[in-house]
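Structure, as structure tokens:
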Amino acid sequence: MTGILQLLAVRKAFGGLLAADEVSLSVVAGTIHGLIGPNGAGKTTLFSLITGFYRADSGTVVFDGTNVTPMSTSARARLGLVRTFQSNLLFSEQSAIENVVSGGLGTRSRQAFDWLFERPSQRAAVMERAREILQSCGLGDKAEVPAGSLSHGQQRILGIAVALAAGPRLLLLDEPFTGMTAREKDALVEIVQSIRARGASIVLVEHDMRAVMRLCDRITVLNFGKVLAEGTPDQVRRHPDVMAAYLGTA
Ligand SMILES: Nc1ncnc2c1ncn2[C@@H]1O[C@H](COP(=O)(O)OP(=O)(O)O)[C@@H](O)[C@H]1O
Ligand SMILES: [Mg+2]
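Quick note on numbering: the numbering used here labels position 123 of the sequence shown as 116, and the sequence is numbered without any gaps.
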């Protein structure tokens, strides 16, 4: 089993609050790894530590054999570490496909976008790839629609399409199912599975337990910044400490 991502005793404090308390975990390449836990457990903080939005106070983040702990967010993204956000950061006035194109540029600047469109040959290739990504996410017919006019669920999926444009080898999804209809959730389950089928590994932070249990190969449970349990969905579901944490009696 090859670990594409390894966290070794990663620690991050905000003042007196330990948001990541010596977290160690390993994500096996080609799997969907769930990261669950009550609100405030430190899940989003861990994503920020993995992608470099935050620097760990101590501990090590290893991605595909490279110690990325000292690296910037953009350097990590170039290696293929890409996240989505709990709240979407789309350009709502721009079309769906323009949003995906800017994801592929690895920048959110309008200037880079204009630069691209001064070069017609590149433009065609980039637009073609963006269109393929939208199609793979079931948004092929929404390419020209302003992002802000899409339904909430479609905007969530567009956020994933934007991340895919950056070419992730490990994609970190932060609560992608939030606020979706049952149909949109079914569609997203298939999209996530297809992302894995095309070779990416995935870490999924999610509260929707049905989606987590359907998708994940392994699950790590966080509580108060610490790893509370780790195992298969079945093992985690039966773990007494996990049930206690979710019932608020831990
Ligand atoms: N930038 C920050 N500054 C101070 N406290 C933070 C910051 N980010 C997160 N926290 C705190 O760290 C803890 C973990 O937060 P978070 O990682 O967002 O949890 P989760 O995603 O599991 O709900 C919470 O108590 C939160 O208030
Ligand atoms: Mg969070």
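A virtual CB, placed ideally from N, CA and C, is assigned to each residue, including glycine.
Three-way DSSP call (helix, strand, coil) for residue i in this model
i      : result
Phe7   : strand
Arg207 : helix
Pro63  : coil
Leu98  : helix
Leu164 : strand
Gln228 : helix
Met236 : helix
Ala243 : Bear in mind that a pLDDT of 44 at Ala243, under 50, signals an unreliable position, so the model cannot answer this.
Residue(s) in a DSSP beta bridge with residue i
i       : result
Gln(-1) : Ser19, Val55
His26   : Val196, Arg211
Pro139  : Ser88
Asn216  : Lys219
Leu132  : Looking at the DSSP assignment, Leu132 forms no beta bridge with any residue, so it has no partner.
Ala12   : Paired residues: none, contrary to the question.
Limits of the alpha helix (DSSP H) - the one that residue i falls within
i      : result
Glu86  : Where Glu86 is concerned, there is no enclosing alpha helix (DSSP H), given that its DSSP letter is neither H nor E.
Arg149 : 145 to 158
Arg122 : 113 to 129
Cβ-Cβ separation, residue j to residue i (assumed contact under 8 Å), whole Å
i      : j      : result
Arg188 : Gly27  : The identity of residue 188 in the sequence shown is Ile, whereas the question assumes Arg. The Cβ separation is near 15 Å, so there is no contact.
Gln147 : Lys135 : 7 Å
Gly52  : Leu1   : 6 Å
Leu83  : Gly152 : 6 Å
Ser85  : Ala158 : Contact doesn't hold; Cβ gap of about 17 Å is too wide.
Val55  : Leu42  : The pair is not a contact, with the Cβ atoms about 12 Å apart (cut-off 8 Å).
Val16  : Leu39  : 6 Å
Val235 : Leu208 : The pair is not a contact, with the Cβ atoms about 17 Å apart (cut-off 8 Å).
Residue range of the unbroken beta strand (DSSP E) whose run includes residue i
i      : result
Glu223 : 219 to 224
Leu74  : 74 to 76
CB contact below 8 Å: residue i versus chain C
i      : result
Tyr239 : Protein chains in the displayed structure number just one, and chain C is not present.
Any non-hydrogen atom of ligand 3 within 7 Å of residue i CB
i     : result
Lys36 : Absence of ligand 3 is noted for the structure shown, with ligand 1 and ligand 2 being the only ligands found.
Runs of beta strand (DSSP E) wholly within the segment 168 to 205 (minimum 3 residues, chain order): Annotation note: the segment 168 to 205 contains the following uninterrupted beta strand (DSSP E) runs of length 3 or greater, listed N- to C-terminal: 194 to 198.
Continuous alpha helix (DSSP H) assignments of at least 4 residues falling wholly in the segment 30 to 54: The segment 30 to 54 contains these whole alpha helix (DSSP H) runs: 36 to 44.
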